[in-house]
Amino acid sequence: MSGVLTGFVVVASLVAVGWVLGRTGVLGPTGQVVVSRLVFFVGSPALLVQTLAEADVHLLLSTQLLVSASGVAVCVLAWLVLACWRLGLRRDDLVIGSLASSFVNAANIGLPVAAYVLDDVTAVLPALLLQMVVLGPVALGVLDVSRHGAEGGRSLRRLLAPLANPVLVGSALGLLLSATGWTLPTALAQPLGLLAGLAIPGALVAFGMSLHGRSLAGWRRPEVLLASALKGLVQPAATYCVARFAVGLDDAAVFAATVVAALPTAQNVFTFAVRYGVARDLARDTVLVTTVLLVPVLLGLSLLLPR
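If you're matching positions, the sequence shown starts at 4 in our numbering and goes up one per residue.
So this is what it looks like as structure tokens:
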């Protein structure tokens, strides 16, 4: 328990530093964007290459991936049924809501939580790969078909765009190194390790900066409440049930899978909503509400679940 609490203190301290930087404006009006881009394009890919190269890929891509996919499927189906039945949302709004209720922040928040709370960065990788390879392309494809049904070429380019994502590229390179048993020469491995060190503290500081000036005013809307409840409560509960009773993982693996499922909605969902001009308020408010829920949910999991 002390290790988990220490992890929360470390995460909260770095987020607080970011909030102070945002509040004081030390890094200027574009500081948060610059730090986020540095983490996204440099730090996170380097960390994923370094981590995956040493991971057990066969274990990573088997049971854990199934458990992660099961939790996502439960939330997406529940959202579609309840939102269509009670809320009457448009198709594009349903797509963004599906992502908001299931798409975990595996990169910006997941990597630090995995490092400091779980002491295992690879715990978030199944969820990350599932989102980058399956959920993201499928959701964007549906949005493209809805908005540009007659433009097959443009739709194809957008569907293939996630393959150029630096996080996915870093994961692919790491998986390649792991599967082949290749090792990087020292002249490449050492600078890669230094760049990887940017990822976790940089992500937490950037996240803290993004919290400055944000408001919870939209949390009362029914679609936000539904998406937030599915993401913050139902997804970890469903993942726990699958991991414990259906798959039979050990205590440590069940705890890790449940914690990853409890991560807040990824900020990528808001990016998608802005890009397509649909459900922006739903995406933004769900990201914020589920982020606020993260600490009490994880504290509860750490108290209730053996590991």
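Where a beta carbon is used, it is the ideal one built from N, C-alpha and C, also for glycine.
Problem - Closest by C-alpha distance to residue 193, when choosing among 281, 43, 49 and 135 - result: Nearest option by C-alpha distance: 49.
Handout entry: Uninterrupted alpha helix (DSSP H) stretches inside the region 55-85 (no shorter than 4 residues)
Key = You should have 60-63 and 66-85.
Practice task
Can you have a look at residue 287 and say buried or exposed, based on whether 16 or more other CB atoms are within 10 angstroms of its CB?
Solution key: By the neighbour-count criterion, in which 16 or more other beta carbons inside 10 Å mark a residue as buried, residue 287 falls on the buried side.
Handout entry: Length of the line joining the Cα atoms of residue 54 and residue 175
Key = Using only the alpha carbons, I get a separation of about 12 Å.
Handout entry: residue 204 versus residue 210 - alpha carbon distance
Key = Approximately 10 Å, taken between the alpha carbons.
Handout entry: 9 Å Cβ cutoff met for residue 261 and residue 290
Key = Between residue 261 and residue 290, the C-beta spacing is not below 9 Å.
Problem - Test item: CB-CB of residue 277 and residue 93 under 9 Å - result: It is not a contact, given that the beta carbons lie outside the stated cut-off.
Exercise for the section: In the DSSP assignment, find the alpha helix (DSSP H) that holds residue 258 and state where it starts and stops. Expected result: Element bounds for residue 258: 254-264.
Problem - Contact between the region 125-132 and the region 76-90 (3+ Cβ pairs under 8 Å) - result: Because the criterion of three Cβ pairs below 8 Å is not met, the region 125-132 and the region 76-90 do not touch.
Practice task
Please list, in chain order, all residues of the same chain as residue 259 whose beta carbon is under 7 Å from its beta carbon, the five residues on each side excluded.
Solution key: Apart from sequence neighbours up to five positions away, the residues of its chain that approach residue 259 with a beta-carbon distance below 7 Å are 121, 123 and 126, ordered along the chain.
Problem - DSSP-derived helix/strand/coil call for residue 298 - result: Helix at residue 298.
Practice task
Would you kindly report the start and end of the unbroken alpha helix (DSSP H) that includes residue 194?
Solution key: Here the alpha helix (DSSP H) through residue 194 covers 189-199.
Exercise for the section: Determine the direct distance from the alpha carbon of residue 271 to that of residue 139, and round the result to whole angstroms. Expected result: About 9 Å.
Exercise for the section: For the alpha helix (DSSP H) containing residue 238, list its first residue and its last residue. Expected result: For residue 238, the enclosing alpha helix (DSSP H) begins and ends at 238-244.
Exercise for the section: Compare the beta carbon distance of residue 187 and residue 58 with 9 Å and say whether it is the shorter of the two. Expected result: No; because the gap between Cβ atoms is not below 9 Å, this pair is not in contact.
Handout entry: C-alpha distance - residue 227 paired with residue 190, whole-angstrom precision
Key = Going from the Cα of residue 227 to the Cα of residue 190 covers about 49 Å.
Practice task
Alpha carbon to alpha carbon, how far is residue 195 from residue 1? Give it in angstroms, no decimals.
Solution key: No answer is possible for residue 1: it lies beyond the span of the chain, which begins at 4 and ends at 310.
Practice task
Please name the residue or residues paired with residue 107 in a DSSP beta bridge.
Solution key: 268, per the DSSP bridge assignment.
Handout entry: Proximity below 9 Å, CB of residue 265 to CB of residue 206
Key = At the C-beta level, residue 265 and residue 206 stay beyond 9 Å of one another.
Problem - Range covered by the alpha helix (DSSP H) that runs through residue 210 - result: Segment 202-214, the alpha helix (DSSP H) holding residue 210.
Problem - Contact belief for residue 96 with residue 285 at Cβ below 8 Å, rounded distance in angstroms - result: That pair is a contact at about 7 Å.
Practice task
Check residue 185 in the structure and name its three-state DSSP category.
Solution key: Coil at residue 185, not helix or strand.
Practice task
Would you list, in sequence order, the uninterrupted alpha helix (DSSP H) runs of no fewer than 4 residues that lie entirely inside the region 99-148?
Solution key: Runs of the alpha helix (DSSP H) inside the region 99-148: 113-116 and 128-133.
Practice task
Go ahead and label residue 182 buried or exposed: buried means 16 or more other beta carbons lie within 10 angstroms of its beta carbon, across all protein chains shown.
Solution key: Exposed: under 16 other Cβ atoms inside 10 Å.
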